[in-house]
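Visitor:
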Amino acid sequence: MNFAGTELSFRVCVYPSPDEQGHYIAHCLELDVLGEGGSVEEAMSNLLEVIETQLESCQDNKAQLVYFAPSEVWKKYNIAKKSGRQIAGELIDRIIAQANQRLGHVASNIFDNVVGSNEIPGECLTTA
1226 MNFAGTELSF RVCVYPSPDE QGHYIAHCLE LDVLGEGGSV EEAMSNLLEV IETQLESCQD
1286 NKAQLVYFAP SEVWKKYNIA KKSGRQIAGE LIDRIIAQAN QRLGHVASNI FDNVVGSNEI
1346 PGECLTTA
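Heads up: the sequence shown runs through residues 1226 to 1353, numbered per the working numbering.
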């Protein structure tokens, strides 16, 4: 994803929705935006669309891009990262490939480090 000539990447924490059972939230820590869906993949895909919209809006309006997520989300992120709960690279690659197809360009490396809380299904995580 390119923003004013700079390659950007974002950290993401995925966790269960507190409002809707069986749904997940993918929260971008640097932008404090999120995607929600009935699966981890759907939440991540929806987050990517929100990030794209946020980037375009900030660029068009010359607005501030970075708004950090609340400390409780960073805490979830740090716990998941220390526990090695990385979202599987194949899942992220599939989401980015779908976005590239939709957008008609390459949005590689948009996600720097994507982790999931303890409640994320094991099949969505990296097997080490």
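Even for Gly, the Cβ is constructed at its ideal location relative to N, Cα and C.
DSSP three-state label for Ile1312, please.
Guide: Ile1312: strand per DSSP, three-state reduction.
Visitor: With DSSP as the reference, label Asp1337 as helix, strand or coil.
Guide: It is a strand residue.
Visitor: Taking DSSP's pairing of strands, which residues face Ala1251 in a bridge?
Guide: Val1239, Gly1260, per the DSSP bridge assignment.
Visitor: Along the chain, where does the alpha helix (DSSP H) that runs through Asn1286 open and close?
Guide: Taken as a continuous stretch (DSSP letters only), the alpha helix (DSSP H) holding Asn1286 covers 1265-1286.
Visitor: Straight-line CA distance for Pro1170 to Gln1284?
Guide: An answer regarding residue 1170 cannot be provided, because it is not within the stretch 1226 to 1353 covered by the chain.
Visitor: Out of Glu1261, Val1239, Leu1256, which one is the CA nearest neighbour of Leu1233?
Guide: Leu1233 has its Cα closest to that of Leu1256, out of Glu1261, Val1239, Leu1256.
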